[in-house]
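> Just dropping this structure here.
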Amino acid sequence: MRALFYDRRYARWTAWLVPLLLLLAWEVLVDGQVIAVRVLPAPSRVLTAFLRLLRSGELLTHLSVSFQRAVLGFVLGGGAGLALGFVTGLSRVGEVLLDTPIQMIRNVPHLALVPIVILWFGIGEESKVFLVALGALFPMYVNTYHGIRSVDPGLLELGTIYQVDRRRIFTDVVLPGALPSILVGVRYALGLTWLSLIVAETLAARAGLGFMAMNAREFLETDVVVLSIVLYALLGKAADSVARLLERRLLAWHPTQRATARGAA
Numbered sequence: 476m477r478a479l480f481y482d483r484r485y486a487r488w489t490a491w492l493v494p495l496l497l498l499l500a501w502e503v504l505v506d507g508q509v510i511a512v513r514v515l516p517a518p519s520r521v522l523t524a525f526l527r528l529l530r531s532g533e534l535l536t537h538l539s540v541s542f543q544r545a546v547l548g549f550v551l552g553g554g555a556g557l558a559l560g561f562v563t564g565l566s567r568v569g570e571v572l573l574d575t576p577i578q579m580i581r582n583v584p585h586l587a588l589v590p591i592v593i594l595w596f597g598i599g600e601e602s603k604v605f606l607v608a609l610g611a612l613f614p615m616y617v618n619t620y621h622g623i624r625s626v627d628p629g630l631l632e633l634g635t636i637y638q639v640d641r642r643r644i645f646t647d648v649v650l651p652g653a654l655p656s657i658l659v660g661v662r663y664a665l666g667l668t669w670l671s672l673i674v675a676e677t678l679a680a681r682a683g684l685g686f687m688a689m690n691a692r693e694f695l696e697t698d699v700v701v702l703s704i705v706l707y708a709l710l711g712k713a714a715d716s717v718a719r720l721l722e723r724r725l726l727a728w729h730p731t732q733r734a735t736a737r738g739a740a
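Heads up, the sequence shown is in the working numbering, so the first residue is 476 and it goes up one at a time.
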């Protein structure tokens, strides 16, 4: 039994065991009328809605729009968070000037910012991308800052003693030392990207998964609403899998990754 969880060949499949069991239980409970169809339609009905929207081309259109917003928001917000994390992590002056206002803004909920974002950008694409970028910015910033400040000061001192060029200290000591934390930030940022997108697509959107869900709600199409939620979950899982793959590739030299690889072998 333990081999199912520790052998990578089996772990990829056993990871989906609980979700599949939940789907089966969900189908049985709806078929047995324990759960009303109008409250939560069965997975089979959600699948039917998926196939119908896929054949009509409507689903691919909404997916494409949401994906573009998520990617653009993640690149802008994640890039800004990475840059700010480097500034405050490497510079004491940068930390004093920037860290406090960033931490204050970080603790403001997305929904509280919606009215002022509409005033700034209107209800066009800019407001949606801005909210998504804001969601990706803070986890990247915090983890980059933490990663740089967690670098062994002894190594930095040794580089200074031997008069190593600052650029080499950054590329050979600071960046590799901070990389594990930065990649954790990437995973968190990707998760919050999709969470922020759900909020962003309630702003008078004309396309996207959020629009599809809101439109379906108006016509009491509960199966389409549930389908939208499931798609958000699957896209979030796919983004996390990409981040984990990136982590394994970039941190192949790291002791924890080597231990994981040996355990999976």
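Built from N, CA and C at the ideal position, the CB exists for glycine as well. Just so you know, these numbers come straight off a predicted model, no measurement behind them.
Does residue 575 have its Cβ less than 8 Å from a Cβ in chain C?
The structure shown contains no chain C; it holds only a single protein chain.
> Suppose only complete runs of 4+ residues qualify. What are the alpha helix (DSSP H) ranges in the stretch 616–694, listed by chain order?
Qualifying alpha helix (DSSP H) stretches, in chain order: 628–636, 641–644, 650–675, 684–693.
> Answer yes or no: do residue 672 and residue 541 have a C-beta to C-beta separation smaller than 8 Å?
Translated into the one-based positions of the sequence shown, residue 672 becomes position 197. Translated into the one-based positions of the sequence shown, residue 541 becomes position 66. In this structure, residue 541 lies closer than 8 Å to residue 672 by Cβ.
> Go ahead and label residue 675 buried or exposed: buried means 16 or more other beta carbons lie within 10 angstroms of its beta carbon, across all protein chains shown.
Translated into positions along the sequence shown, residue 675 becomes position 200. Residue 675 comes out buried.
> Please report the straight-line C-alpha distance between residue 496 and residue 665, rounded to a whole angstrom.
For the purposes of this step, residue 496 is taken as the residue at position 21 of the sequence shown. For the purposes of this step, residue 665 is taken as the residue at position 190 of the sequence shown. In a straight line, the C-alpha of residue 496 is about 27 Å away from that of residue 665.
> The alpha helix (DSSP H) that contains residue 511, what's its start and end?
The sequence position of residue 511 within the sequence shown is 36, counting from 1. No alpha helix (DSSP H) holds residue 511; DSSP gives it neither H nor E.
> Tell me whether the beta-carbon of residue 622 lies closer than 8 Å to the beta-carbon of residue 657.
In the sequence shown, the residue the question calls residue 622 occupies position 147. In the sequence shown, the residue the question calls residue 657 occupies position 182. Yes; because the gap between Cβ atoms is below 8 Å, this pair is in contact.
> Does residue 491 come out as helix, strand or coil in the three-state DSSP assignment?
Here residue 491 refers to the residue found at position 16 when the sequence shown is read from its first residue. Three-state DSSP puts residue 491 in coil, outside helix and strand.
> Can you tell me which of 528, 615, 587, 510 puts its alpha carbon nearest to the alpha carbon of residue 562?
Position 87 of the sequence shown, counted from the start, is the residue given in the question as residue 562. Nearest option by C-alpha distance: 615.
> Alpha carbon to alpha carbon, how far is residue 697 from residue 513?
Numbered from its first residue, the sequence shown carries residue 697 at position 222. Numbered from its first residue, the sequence shown carries residue 513 at position 38. Using only the alpha carbons, I get a separation of about 7 Å.
> Just reading off the alpha helix (DSSP H) that residue 590 is part of, what are its end residues?
What you label residue 590 is simply residue 115 of the sequence shown in a count that begins at 1. Run containing residue 590: 585–596, per the alpha helix (DSSP H) assignment.
> In the DSSP assignment, find the alpha helix (DSSP H) that holds residue 518 and state where it starts and stops.
For the purposes of this step, residue 518 is identified with residue 43 of the sequence shown, where counting begins at 1. Where residue 518 is concerned, the enclosing alpha helix (DSSP H) stretches over 518–531.
> Take the Cβ of residue 516 as the centre, count every other Cβ of all protein chains shown within 10 Å, and call the residue buried at 16 or more, exposed below.
As a first step, residue 516 must be located in the sequence shown, where it is residue number 41. Buried: at least 16 other Cβ atoms inside 10 Å.
> In this structure, how does DSSP classify residue 545 when only helix, strand and coil are distinguished?
Counting from 1 along the sequence shown, the entry for residue 545 is found at position 70. Correct three-state label for residue 545: helix.
> Could you say which of 549, 581, 691 lies nearest to residue 662 if we only look at CA atoms?
Here the question's residue 662 lines up with position 187 in the sequence shown. Measuring from the Cα of residue 662, the nearest candidate turns out to be 549.
> With C-beta atoms as the reference, is residue 544 less than 8 Å away from residue 683?
Stepping through the sequence shown from its first residue, residue 544 is reached at position 69. Stepping through the sequence shown from its first residue, residue 683 is reached at position 208. Yes, they are a contact pair.
> So residue 718 is in the alpha helix (DSSP H); what residue range does that whole segment cover?
As a working mapping, residue 718 is identified with position 243 in the sequence shown. 697–725 is the extent of the alpha helix (DSSP H) around residue 718.
> Where does residue 619 land, buried or exposed, given buried means 16+ other C-beta within 10 angstroms?
Residue 619 sits at position 144 when you count from the first residue of the sequence shown. It is buried - the Cβ of residue 619 has at least 16 other Cβ atoms within 10 Å.
> Closer than 8 Å is the cut-off here; do at least three beta carbon pairs connect the stretch 691–706 with the stretch 518–530?
Because the criterion of three Cβ pairs below 8 Å is met, the stretch 691–706 and the stretch 518–530 touch.
> With H, G and I counted as helix, E and B as strand and the rest as coil, what does DSSP make of residue 614?
Within the sequence shown, residue 614 is the residue found at index 139, counting from 1. Looking at residue 614 - three-state DSSP - the assignment turns out to be helix.
> Between the alpha carbons of residue 627 and residue 605, how many angstroms are there, rounded?
Counting from 1 along the sequence shown, the entry for residue 627 is found at position 152. Counting from 1 along the sequence shown, the entry for residue 605 is found at position 130. Near 36 Å, if we compare the C-alpha coordinates of residue 605 and residue 627.
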